[in-house]
Amino acid sequence: MMNSRRDTRNNRVALFDGIEEGGIRASSMYSSGSSHEIDEHDNEQAMDGLQDRVNLLKRLETVLMGLFATAVR
Numbered sequence: 022m023m024n025s026r027r028d029t030r031n032n033r034v035a036l037f038d039g040i041e042e043g044g045i046r047a048s049s050m051y052s053s054g055s056s057h058e059i060d061e062h063d064n065e066q067a068m069d070g071l072q073d074r075v076n077l078l079k080r081l082e083t084v085l086m087g088l089f090a091t092a093v094r
């Protein structure tokens, strides 16, 4: 059980690290002044990453709402 929690935490940390790295990558990509062509493969990967983040945030919201409801009782 402990390893499962650690793995879950590590996955979350990696996901949020990815958000930060994605922001850096996007800003440098658009500030370069070169072609603004979007590579379809890169776009698909970015969309997949965003979907993962949305799903994580939805799960987090559900957990927090459950904790709040329990605390209010």
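Here the working numbering is used: the first residue of the sequence shown is 22, the next is one more, and so on.
Idealized CB from N, CA, C, for every residue including glycine.
**Message:** Distance check for Ala92 and Thr83, CA to CA, integer angstroms please.
**Reply:** Cα-Cα distance, rounded: 14 Å.
**Message:** Starting from Arg80, trace the alpha helix (DSSP H) in both directions and tell me its first and last residue.
**Reply:** Glu61 to Val93
**Request:** Measure the C-alpha to C-alpha separation of Ala67 and Lys79 and round it to an integer number of angstroms.
**Result:** 18 Å
**Prompt:** CA-CA distance, Leu85 and His62?
**Reply:** His62 has its alpha-carbon roughly 35 Å from the corresponding atom of Leu85.
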